[in-house]
Amino acid sequence: MQKDFHYYATYAAAFLAGYDHEDSLRIAYCAQFVDECSASLLRKLKAPRIAATTQLQLELMDANSDILSLQDITRIWASFHFLPRDLYAVRGGCTRHYRSKFRLICGPNGDMIKRTVELSRNKGAEATGIAMHVLADTWAHANFAGTPSLAINNTDYHFYEIFPDGSEKLIRFNHNPISKDDLEKSAYTNSLYQSNENSIMNLGHGRAGHLPDYSFCKFKYLPAWGGYKELVKDNPSDYNHAFRQMVYAMRYLRGEEKSFYVGIYDKTAVQDHEEEIDSIIRKRRTDAEADWKAFGEKLSGREIPDYDINAFQQEYMDAAEEEKDNTVLGRFINAAIAQKSMVTSCIYRSKNMLAGYTIDPRPTEQIKAFLKSAKIGGEDL
Amino acid sequence: MSKTQRISSFFTGLLMMAAAVFMTVYPEEGYILIIVILSLGLMIRGIRSIIYYITMGIHMVGGRRSLYSGILILDLGLFTANLSDVPRIYVLLYLLGIHLFSGLVDMLNAMDERKLGAGHWRLKLSSGIVNIFIGLSCLIFIRYANSVVYIYCLGLFYNGIMKMVDAFRKTSMVYIQ
């Protein structure tokens with residue numbers, strides 16, 4: 001998903017769930033910050049790089065294709081952007097390596113998203129923001145895996161856009177990094193075909209371009225893992241579900257609901273705004289920031305400031321070492337470490353080595369102690 | 382290009398240039414060395430592709446591509462290995478055939494990439510044209526065995542330089558985040 005949903009739509013969902021303006025802004029900021037918090041940024045902040053929730057294009061270009069680098073990539077992308085749906089999915093007649101990658105396929109309403117939401121309870125707005133980013137992405141990025149894999153993430157020429165009137169049009173992909181997607185001609189950009197299984201071009205939904213991130217788009221294609229069965233990705237329906245599930249999840253995180261169950265979507269808070277939300281989602285344009293912003297401002301009656309990546313950086317850098325955990329970014333970093341630890345631990349315990357070895361997560365305290373000793377020893381993590 | 386790919390491209394180019402120089406200085410031994418390296422490289426690539434198909438590609442839409450390419454490349458590698466005991470001129474013809482074919486493929490790929498808007502189509506096109514020119518020149522001078530060797534070495538040297546240039550070229554790639 002893009003900033004329009006992660007920032008502005010999350011704000012609206014938070015407000016509808018009962019958070020006030022300030023908390024909703026904080027949650028929305030942190031939800032979007034998951035797409036910005038790279039190792040390069042953390043290095044600038046002198047923060048633990050283990051808390052990275054994304055990787056910049058340059059960082060990925062510089063990454064090697066050895067096992068450790070691939071595990072590092074998988075840890076980040078599977079934890080925050082392509083949360084696996086079922087780590088114990090059954091796939092017969094295949095090698096262990098293939099099965100490991102197959103089990104990392106992202107999708108909504110799996111056991112992992114339940115753990116993610118429950119993990120962020122009583123941990124503050126920052127943890128809530130991270131959980132909402134992860135939750136939203138399970139809908140948008142469904143059917144792709146957060147690990148480089150040609151055999152899982154590849155697509156081919158059989159790729160059609162389905163319009164609201166039922167007609168279909170063959171999608172033409174190009175690889176020009178400068179050209180914008182042309183909605184009129186159904187001409188979109190995607191990543192280059194790379195026959196190397198572990199190429200970063202085969203990470204996530206690169207081979208489907210930005211289509212999973214466009215809320216209006218309904219398309220069908222042959223996923224590489226699908227055995228030649230056509231799969232229809234209905235983004236308008238998925239985004240609607242994502243929004244409602246975020247509202248429900250945040251009501252749980254506020255304490256209004258006793259438990260969080262997958263497959264449940266808010267009906268009450270959203271019901272007066274169903275049509276408006278649906279029309280924003282179905283409007284055909286690449287960027288819905290303006291519409292979501294207007295909707296959020298209408299709900300709260302307050303202005304939503306433009307997203308500013310630098311908003312809390314100075315606070316973090318100026319804080320004393322023992323006070324950093326009490327800053328916004330400090331809490332974000334701790335929540336990110338906890339999330340990454342939980343997901344990689346679950347992946348490891350399912351006997352899947354794609355995210356590497358992991359320690360038993362009583363995460364934040366143990367990891368911080370480990371980082372502190374590493375720093376004393378001269379290693380900067 | 383990733384760091385690993387750049388390093389690999391640089392050293393491949395260096396190796397090609399060294400092979401070209403070696404063949405020029407020792408034309409008798411040089412071409413055997415080329416055949417050995419080429420056949421080994423092709424066989425390893427072919428086997429890797431077949432192994433990939435068996436372990437991963439068999440479950441993948443379009444995965445048979447890796448099986449077919451693996452079998453073809455392995456066959457080519459085995460055939461290449463068998464050329465060591467035939468008269469030199471036939472070996473050179475075979476190598477030239479590979480150059481001509483590779484040049485044609487480069488040109489077709491360049492045309493494709495131009496249509497898709499990928500950045501480096503001009504470099505690929507020029508490489509394809511040079512490969513074809515080298516191949517045709519060798520055919521024209523085929524009666525003069527030493528001239529053919531020197532023209533071939535020139536082509537190999539040029540390709541080596543292009544590989545090294547590739548290693549330092551800025552690549553703007555489409556990456557969907």
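The listed protein sequences correspond, in order, to chains A and B.
The opening position of the first sequence corresponds to residue 1 in my numbering, with each subsequent residue numbered one higher.
The opening position of the second sequence corresponds to residue 382 in my numbering, with each subsequent residue numbered one higher.
We treat Cβ as the ideally placed atom computed from N, Cα and C, and that holds for glycine.
Simplified DSSP assignment, three categories, for residue i
| i | result |
| --- | --- |
| residue 101 of chain A | helix |
| residue 382 of chain A | This structure cannot speak to residue 382 of chain A, because chain A is shown only from 1 to 381. |
| residue 188 of chain A | strand |
| residue 233 of chain A | strand |
| residue 377 of chain A | With a pLDDT of only 49 at residue 377 of chain A, under the threshold of 50, the placement of this residue in the model should not be trusted, and no figure is reported. |
| residue 31 of chain A | helix |
| residue 534 of chain B | helix |
| residue 218 of chain A | strand |
| residue 37 of chain A | coil |
| residue 346 of chain A | helix |
| residue 160 of chain A | strand |
| residue 182 of chain A | strand |
| residue 519 of chain B | helix |
| residue 52 of chain A | coil |
| residue 84 of chain A | strand |
| residue 145 of chain A | strand |
Own chain partners of residue i with C-beta closer than 6 Å, once the 5 adjacent residues on each side are dropped
| i | result |
| --- | --- |
| residue 393 of chain B | 544 |
| residue 2 of chain A | 213 |
| residue 24 of chain A | 11, 14, 15 |
| residue 215 of chain A | 235, 239, 281 |
Where residue i meets chain B, residues with beta-carbon distance less than 9 Å
| i | result |
| --- | --- |
| residue 225 of chain A | 440, 441, 442 |
| residue 141 of chain A | Simply none; closest approach about 11 Å. |
9 Å Cβ cutoff, residue i in contact with chain B
| i | result |
| --- | --- |
| residue 156 of chain A | yes |
| residue 161 of chain A | no |
| residue 376 of chain A | Residue placement at residue 376 of chain A is flagged as unreliable, the pLDDT there being 49, under the threshold of 50; the coordinate-derived value follows with that caveat. False, the Cβ-Cβ gap to chain B never drops below 9 Å. |
| residue 228 of chain A | yes |
| residue 103 of chain A | no |
| residue 91 of chain A | yes |
| residue 98 of chain A | yes |
| residue 61 of chain A | yes |
| residue 150 of chain A | yes |
Between the CA atoms of residue j and residue i - distance to the nearest angstrom
| i | j | result |
| --- | --- | --- |
| residue 460 of chain B | residue 508 of chain B | 26 Å |
| residue 325 of chain A | residue 336 of chain A | 13 Å |
| residue 400 of chain B | residue 415 of chain B | 7 Å |
| residue 297 of chain A | residue 127 of chain A | 23 Å |
| residue 33 of chain A | residue 516 of chain B | 55 Å |
| residue 189 of chain A | residue 82 of chain A | 20 Å |
| residue 240 of chain A | residue 247 of chain A | 11 Å |
| residue 444 of chain B | residue 358 of chain A | 33 Å |
| residue 60 of chain A | residue 442 of chain B | 26 Å |
| residue 148 of chain A | residue 521 of chain B | 47 Å |
| residue 331 of chain A | residue 30 of chain A | 10 Å |
| residue 538 of chain B | residue 440 of chain B | 41 Å |
| residue 172 of chain A | residue 503 of chain B | 22 Å |
| residue 410 of chain B | residue 477 of chain B | 18 Å |
| residue 524 of chain B | residue 483 of chain B | 23 Å |
| residue 250 of chain A | residue 282 of chain A | 24 Å |
| residue 118 of chain A | residue 19 of chain A | 18 Å |
| residue 353 of chain A | residue 88 of chain A | 13 Å |
| residue 530 of chain B | residue 540 of chain B | 15 Å |
| residue 425 of chain B | residue 455 of chain B | 7 Å |
Listed by chain order, chain B residues near residue i by CB distance under 7 Å
| i | result |
| --- | --- |
| residue 222 of chain A | 442 |
| residue 94 of chain A | 440 |
Cβ of residue i within 9 Å of any chain A Cβ
| i | result |
| --- | --- |
| residue 437 of chain B | yes |
| residue 433 of chain B | yes |
| residue 447 of chain B | yes |
| residue 409 of chain B | no |
Same chain, Cβ closer than 8 Å to residue i, five either side skipped, listed in chain order
| i | result |
| --- | --- |
| residue 183 of chain A | 284, 285, 286 |
| residue 16 of chain A | 247, 266, 269, 270, 273, 299 |
| residue 94 of chain A | 102 |
| residue 278 of chain A | 236, 240 |
| residue 204 of chain A | 77, 81, 82, 141, 144, 145, 146, 153 |
Any non-hydrogen atom of the ligand GTP within 8 Å of residue i CB
| i | result |
| --- | --- |
| residue 437 of chain B | With respect to the ligand GTP, the structure shown offers nothing to examine, as it has no ligands at all. |
Where residue i meets chain B, residues with beta-carbon distance less than 8 Å
| i | result |
| --- | --- |
| residue 269 of chain A | Simply none; closest approach about 31 Å. |
| residue 37 of chain A | Going along chain B, no residue has its Cβ under 8 Å from residue 37 of chain A, so there is no contact; the nearest lies around 13 Å. |
| residue 197 of chain A | 433, 437 |
Spatial neighbours of residue i in its chain, beta-carbon cut-off 7 Å, leaving aside the 5 residues before and after
| i | result |
| --- | --- |
| residue 79 of chain A | 339, 340, 343, 344 |
| residue 534 of chain B | 401, 404, 405 |
| residue 475 of chain B | 464 |
| residue 35 of chain A | 6, 54 |
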